[in-house]
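> Okay, so the sequence shown: first residue is 1 according to the numbering used here, each after it adds one.
For glycine and all other residues, C-beta sits at the position ideal for the given N, C-alpha and C.
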Amino acid sequence: MGFKDRLIVALDVDDAGKARQLVEQLRGSVGMFKVGLEPFCLYGPGFVKAVQEMGGRVFLDLKFHDIPRTAAQAARAAVRMGVYMFNVHIAGGREMLKAVVEAVQEEAGPGGIPKVLGVTVLTSLGTEELRSEIGIDRSPLDQVLFWAELARECGLSGVVASPREVSAIRARCGKDFLIVSPGIRPAGAVPDDQIRISTPAAALRAGADYLVVGRPIVKAADPLQAAREIIREMEDAEE
Ligand code: C5P
1 MGFKDRLIVA LDVDDAGKAR QLVEQLRGSV GMFKVGLEPF CLYGPGFVKA
51 VQEMGGRVFL DLKFHDIPRT AAQAARAAVR MGVYMFNVHI AGGREMLKAV
101 VEAVQEEAGP GGIPKVLGVT VLTSLGTEEL RSEIGIDRSP LDQVLFWAEL
151 ARECGLSGVV ASPREVSAIR ARCGKDFLIV SPGIRPAGAV PDDQIRISTP
201 AAALRAGADY LVVGRPIVKA ADPLQAAREI IREMEDAEE
């Protein structure tokens, strides 16, 4: 897999025309497009289809979290949409995770069998919120590792994780477990609202398989140029 295939662009834009234009512009230069809750709720499954028809692979970032049957049925729909990967909250528990993995394997979709990723602790939650609002006494990192192991045991392909957690997950879950990392900023870029960020090269060196980048590309004056710069920075990981 080349470096460009490991770059996922988050299509977090509130204008479908702009989103399509981005896909048109970037499809030959990046590996995948992330369609999250915002564009999916605004434009629906037709938007996923439009990205695919333009030649883009899709990471459907809807973070399913429900009782096992409901999550499994949503997973079947994701397979039928032909997405390359989608995610679920590991907090849904073992039965939900197993039901989703089973449903994905049963359902043969146009894009083959999608990768199922687990969402661990939202990066917006710190130690204090985790304890006082969610009732979890472990540190965020310990909880991330605990959930990553549960995800692996249940047959998930990997997890979404902040770049700062990547090396510990890699050490705990082995080399075949996929780690997809947002919170990436090119050297010298503004962090926006991301707190724990890494450069593209540092995230890859820590062991990330895929990087998710939104604003540094989609808000750039020249998104294609910005994507190319990030791929160039990813190549630095090899030095
Ligand atoms: O614009 P930016 O590069 O910060 O976008 C990162 C994308 O990854 C956004 O879609 C954001 O919702 C998502 N994400 C994240 N941190 C997580 C999980 C997902 O930034 N822990």
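Am I right that leucine 145 and isoleucine 179 are in contact with their C-beta atoms under 8 Å? What's the rounded C-beta distance?
Actually they do not touch by this definition, with Cβ atoms about 12 Å apart.
> Please determine if the stretch 37-50 and the stretch 64-76 are in contact, where contact requires at least 3 C-beta pairs separated by less than 8 Å.
The stretch 37-50 vs the stretch 64-76: no contact.
> Count the other CB atoms, across all protein chains shown, that sit within 10 Å of the CB of methionine 32; report buried if there are 16 or more and exposed otherwise.
Burial call: buried.
> Indicate, with yes or no, if the ligand C5P has a heavy atom lying under 7 Å from the CB of leucine 97.
No.
> On a CA-only basis, which of Thr120, Ile113, Asp61, Met81 is nearest histidine 89? Give me that one, please.
The residue with the shortest Cα to Cα distance from histidine 89 is Thr120.
> Assign arginine 152 to buried or exposed, taking buried as 16 or more other Cβ atoms, counted over all protein chains shown, within 10 Å of its Cβ.
Buried.
> Run through DSSP, which three-state label would alanine 99 get?
Here alanine 99 sits in helix by DSSP.
> Using three-state DSSP, classify lysine 219 as helix, strand or coil.
Coil.
> Let's see if you can read the secondary structure: which residues bound the beta strand (DSSP E) around valine 166?
Valine 166 -> not in any beta strand (DSSP E); alpha helix (DSSP H) instead, spanning 166-173.
> Report the start-end ranges of each alpha helix (DSSP H) in the stretch 21-88 that is 4 residues or longer and not cut off at the edges.
Taking only runs of at least 4 residues, the alpha helix (DSSP H) segments lying wholly in the stretch 21-88 are 37-43, 45-53, 68-81.
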